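Residue numbers (the working numbering): 2 to 96.
All C-beta atoms in this analysis are idealised placements derived from N, C-alpha and C, irrespective of residue type, glycine included.
None of these values were measured; they are calculated from a predicted model.
Report on one structure; see the data block that follows.
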């Protein structure tokens with residue numbers, strides 16, 4: 002599958018990335034190469050192979066859910082640019 006420059010521009014726009022015009026052709030080739038590697042995975046016979054989340058089966062370690070350290074609101078928000086009453090203040094991004 003080949004990715005053209007128009008598709009690279011669209012993906013960059015959707016991703017909120019700015020790329021210089023002279024870099025778009027190179028990105029087109031790089032993305033086409035990545036998709037080529039992905040297409041090679043379709044050639045692998047996976048019939049009868051069970052899906053897995055890890056190559057090594059391990060039990061999930063569990064612990065009691067207890068608060069062991071808290072009341073550090075001031076330390077948590079100390080480096081935040083804006084806070085109010087122990088909460089982070091962030092700019093509105095959704096109308």
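Collapsed DSSP secondary structure at residue i in the structure displayed
| i | result |
| --- | --- |
| residue 84 | strand |
Cβ distance (whole Å) where residue i is taken to contact residue j below 8 Å
| i | j | result |
| --- | --- | --- |
| residue 2 | residue 28 | That pair is no contact at about 15 Å. |
| residue 87 | residue 95 | Not confirmed; about 23 Å, so no contact. |
| residue 13 | residue 22 | Going by Cβ atoms, the distance from residue 13 to residue 22 rounds to 11 Å, so no, they are not a contact pair. |
So, does the stretch 4-14 touch the stretch 30-37, judging by three or more C-beta pairs under 8 Å? yes
If you scan the stretch 2-90 from start to end, which runs of the beta strand (DSSP E) of 3 or more residues do you find wholly inside it? none
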